[in-house]
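Protein chains in written order, with full-length UniProt numbering: chain A, 1 to 343; chain B, 1 to 343. Just so you know, even glycine gets a beta-carbon here, dropped at the ideal spot from N, CA and C.
Number of protein chains: 2
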Amino acid sequence: MKRKVTLKQIAKELDVSISTVSKALRNSIEISEDTRQKVQAFAKLYNYKPNNIALSLKNKKTKTIGIIIPEIVHHFFATVISGIEQVANENGYNVIVCLSDESFDKEVINMEMLANGSTDGFIMSLSKETQQKKDFHHIQEVINQGMPVVMFDRVTNDVLCDKVIIDDQLAAYDAVDFLVRQGFKNIGLVTTVDYVSVGKLRTEGYVNALNDHDLPINDNIIVKIEDIDNCAAKIEAMLQNNKPDAIFAVNELFAVTTIKLANKMGLKVPEDISVIGFTDGIISQFSTPTITTVSQNGIKMGGRAAKMLIERLEMEEEEDGNEQYRTELIDTHLVHRESTSTL
Amino acid sequence: MKRKVTLKQIAKELDVSISTVSKALRNSIEISEDTRQKVQAFAKLYNYKPNNIALSLKNKKTKTIGIIIPEIVHHFFATVISGIEQVANENGYNVIVCLSDESFDKEVINMEMLANGSTDGFIMSLSKETQQKKDFHHIQEVINQGMPVVMFDRVTNDVLCDKVIIDDQLAAYDAVDFLVRQGFKNIGLVTTVDYVSVGKLRTEGYVNALNDHDLPINDNIIVKIEDIDNCAAKIEAMLQNNKPDAIFAVNELFAVTTIKLANKMGLKVPEDISVIGFTDGIISQFSTPTITTVSQNGIKMGGRAAKMLIERLEMEEEEDGNEQYRTELIDTHLVHRESTSTL
DNA sequence: TGGGTTAGCGACAACGTTTTCGTGTTGAAA
DNA sequence: TTTCAACACGAAAACGTTGTCGCTAACCCA
């Protein structure tokens, strides 16, 4: 087992100073051609690579991006990470991933851990609990310390920083508008509880679309789900009692669950009831029927977030006077599949 | 913007030496009660936290685990990361994730990047290209430098290190055995090309099960898929020409694809043909029909891998004479769902 | 008063880099 | 022979820690 070789060892071996080795390896003209060659050959032989930690300490830069998300076993978040990782890698950055498990405390702990020098900046999506508590001091603190933060998807207006989101309200509006134009009049909604920002916005889009078409908002066909595992009864009751002709679900899990429950009750999708979901993930693509859905390009979102963060990191070099935070919108569109029909 | 405070700043402010501050914060008995209190109060006020990078450099330990996997937008790998992250976090480790995109070169580059001080060890699953090339020098090198490596799922015998796998062959055997016992006699196989280690093993399990039941191996009902996007024709032809009464697919994507193609041809699952997949992911759970599958607990796998790595890291403290590499088997079982029937 | 102990603290090295600022040697010009 | 530049290199500081060692003053006991 040969441990990694350091400048010091090379210096000792070649009987020159550490500085000389360092300079020789960086092709400084200060060093004679002879010495340079000798040092470089030796370094190559022993496969010398500078120690990242030492470089980080010296440069006060880690070239590492901290990602904090609620969970990773979730197609959308996985695609976002994928997008981040790609752009990060292209720019010489690594990503260090922490999961909050939707817990406020874990989110705080993770941020504090990474903020102590481990990363240059953060890309994050808020945990449910954080959104509920509306406590963002940990994020604000990190920003105050001069570390840039980019939030995506689940964001808050209470923190000033760069953000990457889709226009949830508009996307939901378009989906519901599409249903209305197809002739549906009794369109149900399966959504989250209100403190989840994206759920709330999508619900607003649903409401606005119905309003604009002079359709009534019927609370009986709106189901707000807190816990996915115990939602069946509520959805079934809604389907049973109010016979909606279409459903807009604010994520694909809700959509597929609704479809399955409908099937169980003898309703055929899309013949008896049409369903539109949100997020173009694995489920929408492979369920039977395949699900018409609002695509939400996670790769693109992650890529953009990474780009924004890196730009800000490299910009800081000069002067950090311009605190012009941006919010970028990633476009969405409806992916038409089998779960919707015309009447 | 108040940058992070350092020992030096505290020392200056309180007019004591850096060592005194350091010791006071660590509650050294060398320091008087008075000074300790004063320093600790000041540190708390300014929210002092030791700089991780400096600690890493000093201790020659980063408390970081490098994960290198082919892709993250893949339910199984996401669950493994989740499992790793959890155990890592519990033990004070962070995880830094790199994706090889199934590319040998990216795998090498990522390893070399992280090996230069960024991580204490690796948990990895081989890229397809690496498995095909059988070139593992980058892994061997890292091990030679004294960094422990744990491989999972896609492993190789050519590298000596800890491994966490399922018994792919046995799991496949059990699945096919189950089909045979249900009365199926013409069982097709949808598998990967041979260089993918897990595909190969699962194929062997299929062959062994049929052999043990004295059933013939019929190459006409075995489809080896290289590229998922262009596999439809081959599968359809197999279904059409050979009328298998059951199919064993080596992953869930192949399973759901087969089901969809069967449906398209007018075959009902499970009435006309039964299907068993591999990996209990989102697709198997939510497709219609839900898919009977070999469960492969990614969370557990990741957790075990993390545990093995951390144990080795903390063990190294003492003496690294005992190179007793272990291979842990994670148990699998068949999850019975709608895609299989008795004859 | 002298010797020894101890409490309380600071100096310094070390981890592995990079970079600035010397410094000694050479050769050439004056 | 003197002067000066150019060349080739080394010493040292800095990044933020921790821990070893040494130092000073106070105190105790004889």
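Give the DSSP-derived three-state secondary structure of residue i in the structure shown.
i	result
B:T156	coil
A:N91	coil
B:E30	coil
A:K224	strand
A:I273	coil
B:D280	coil
B:S82	helix
B:I143	helix
A:V196	coil
A:M315	helix
B:V21	helix
B:D162	strand
A:G183	coil
Using beta-carbon positions only, say whether residue i and residue j come within less than 9 Å of one another.
i	j	result
A:S295	A:V335	yes
A:V193	A:E226	yes
A:I310	B:I96	no
B:G302	B:Q86	yes
A:I18	A:K4	no
A:N94	B:M113	yes
residue 347 of chain A	A:D162	The structure shown does not extend to residue 347 of chain A, since chain A is modelled only from 1 to 343, so the question has no answer here.
B:I221	B:A255	no
B:V190	B:V164	no
A:I330	A:I166	yes
A:G205	A:F122	no
To the nearest angstrom, report how far apart residue i and residue j are at their CA atoms.
i	j	result
B:D15	B:K2	21 Å
B:T332	B:A209	17 Å
B:A11	B:V21	6 Å
B:A88	B:Y173	33 Å
B:N218	B:N230	23 Å
A:E328	A:R202	18 Å
B:D34	A:F104	36 Å
A:T156	B:A54	33 Å
A:A305	A:D120	14 Å
B:V73	A:I283	13 Å
B:A171	B:P70	23 Å
A:L267	A:K134	41 Å
B:D212	B:K200	18 Å
B:Q37	B:N52	24 Å
B:P50	B:K23	13 Å
A:K106	A:C98	9 Å
B:N47	A:E323	25 Å
B:L215	A:M265	42 Å
Measure the beta-carbon distance from residue i to residue j and round it to whole angstroms, keeping in mind my assumption that it falls under 8 Å.
i	j	result
B:T64	B:S118	7 Å
B:V198	B:D168	5 Å
A:N27	A:I68	40 Å between Cβ atoms; not a contact.
B:T6	A:S287	Contact doesn't hold; Cβ gap of about 55 Å is too wide.
Spatial neighbours of residue i within its chain, please: C-beta separation below 7 Å, excluding the five flanking residues on both sides.
i	result
A:I299	T79, S82, G83
A:L25	V39, Q40, A43
B:L261	A232, I235, E236, L239
B:E129	E102, S103, F104
B:R154	S125, L126, Q131, S197, V198
A:T258	V190, I235, I247, A249, V275
A:S56	T62
B:Y325	L160, C161, D162
B:D272	none
A:S32	none
In chain order, what residues of the same chain lie with their CB nearer than 8 Å to the CB of residue i, ignoring the 5 residues before and after it?
i	result
B:V159	F136, I139, Q140, I143, V149, M151
B:S274	L179, Q182, F184, D245, A246, I247, T292, S339, T340, S341
B:Q145	A115
A:N242	N186, G188, N218, N220, I221
B:T290	S284, R337, E338, S339
A:G92	K63
B:D177	A209, D212, H213
A:E13	F42
A:P270	P289, E338, S339, T340, S341
Which residues in the same chain as residue i place their Cβ atom closer than 6 Å to its Cβ, once the five residues preceding and following it in sequence are excluded?
i	result
A:Q132	Y195
B:T279	F76, N251, E252, Q296
A:R312	P148
B:N263	none
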